[in-house]
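Just so we're aligned, residue 43 is where the sequence shown starts under this note's numbering, counting upward by one. Virtual Cβ for every residue (Gly too), placed ideally from N, Cα, C. Accompanying notes for the structure given below.
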Amino acid sequence: SVRYGVEVMVKNQTVVLGGEISGKISFEFMEEHVRQAVREIGYDARYAKIWGDEALNADKVRVLDLISCQSAEIAQGVERDGWGDQGVFVGYACQGNGNIPTELYLARRLCKALYEKARLSDNLGLDIKTQITMDGGKIKTAVVAIPMKQQEELRPFVAEILEQEPEKLIVNGTGCYTCHSSVADCGVTGRKLACDFYETASPIGGGSPWTKDASKADLTLNLYARRLAVENLKDNDEALVYLSACIGRSELPSAVLKTRKGDKFAEQPLAVESRPSVLIERLGLNKPVFAKLCRDGLL
């Protein structure tokens, strides 16, 4: 088995890989694997013909490899079925679509739809952000940032995806957005954890779950806490689960459930499974699901 925790930073046409790996793995084709991942996102030869030097280009990517072996001191604890790090991990669930806040659900839905539209477009780019502000069931403001070669009217498309017309729609608030991706902004693993998890609805637990194997609590315990929150939501408005872990140990020092129903709050300890090997199998993390998680998210 392979254990890894590798951070990724992308700036201009350079991808930096820094972290630790243990187990048998070949680095021979690492650079081509990275380029292929960039192509799968959409920054391929066709895209480069449209955007030129204004965007990431898979064929120009170079890789700086700063990967070393996992610490032997950490490895010995993990090999005893212990967690790979300490921390507190939070799962959240609420009533509604996807058991996440409505504004987050709609922002993700809109972002995904715009991305699929951009994949087929010669005018729209892939580096997209969306934000929804609601008042009750009404969308007060929808904010969209999407690269455009020429100005394009998106209001009908946005209204169709959101199933209502926002009172206010702001597309590219600076007025112009062409240079994008790693050429315009540096990307780093875990930089937008509020978007990866629950927006502002709950605290963020642990660290970034990305580019880590399932022995890492940042991935597995965040997923487990989310599952427990959904399972314990029942007829409550909100449920939060807090799990804490200790590096090298399988037992969890604490597991707490907090719920809200109207103006009534409750808190109680949870009896939970804590062994990494059991949770990895239960959550399906012993299968090659990690690329899908990176594409589609944890929730």
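What number of angstroms, rounded off, separates the C-alpha of W252 from the C-alpha of V52?
The C-alpha of V52 is placed about 15 Å away from the C-alpha of W252.
Mind the definition here: the segment 243 to 259 touches the segment 47 to 61 only if three or more C-beta pairs lie below 8 Å; say whether that holds.
Touching, yes, given that three or more Cβ pairs across the two stretches are closer than 8 Å.
What are the uninterrupted segments assigned as beta strand (DSSP E) that are 3 or more residues long and contained completely in the segment 65 to 106, given in chain order?
Counting only runs of 3 or more, we get nothing.
Please name the residue or residues paired with E309 in a DSSP beta bridge.
Under DSSP, E309 takes part in a beta bridge, and its partners are K300.
Locate the beta strand (DSSP E) running through E280, then write down its first and last residues.
For E280, the enclosing beta strand (DSSP E) begins and ends at 280 to 287.
Specify whether the segment 263 to 275 and the segment 162 to 174 touch according to this definition: at least 3 beta carbon pairs, one from each stretch, less than 8 Å apart.
The segment 263 to 275, when compared against the segment 162 to 174, does not touch it at the 8 Å Cβ threshold.
Whole-angstrom distance between L204 and P245, CA atom to CA atom:
Approximately 27 Å, taken between the alpha carbons.
Going straight from the alpha carbon of N99 to that of L312, what length do you get?
Our two residues, N99 and L312, have alpha carbons roughly 48 Å apart in a direct line.
Does the distance from the C-beta atom of P318 to that of T262 stay below 8 Å?
Yes; because the gap between Cβ atoms is below 8 Å, this pair is in contact.
Straight-line gap, T242 to L341 (C-alpha atoms, nearest Å):
T242 and L341: Cα-Cα distance of roughly 15 Å.
By alpha-carbon positions, which one of R104, K66, T216 ends up nearest to H75?
When only C-alpha atoms are compared, the closest one is R104.
Around the Cβ of Q78, are there at least 16 other Cβ atoms within 10 angstroms (buried) or fewer (exposed)?
Under this definition Q78 is an exposed residue.
DSSP three-state assignment for V320, whether helix, strand or coil
Assignment of V320 by DSSP, reduced to helix, strand and coil, places it in the helix class.
Rounded to whole angstroms, what is the Cα-Cα separation between D279 and P143?
Between D279 and P143, the C-alpha separation is close to 11 Å.
Along the chain, where does the alpha helix (DSSP H) containing E205 start, and where does it finish?
For E205, there is no enclosing alpha helix (DSSP H), since its DSSP letter is neither H nor E.
Buried or exposed (CB count within 10 angstroms, at least 16 for buried), Q55:
It counts as buried.
Compute the Euclidean distance between the alpha carbons of Y85 and E202, then round it to the nearest angstrom.
In a straight line, the C-alpha of Y85 is about 27 Å away from that of E202.
Between which residues of its own chain and D260 is the CB-CB distance below 8 Å, once the five residues before and five after are set aside?
Contacts found: D127, G129, F131, G248, G249, S250, P251, K254.
Do I181 and Y219 have their C-beta atoms within less than 8 Å of each other?
Annotated as distal: I181 and Y219, with beta-carbon spacing of 8 Å or more.
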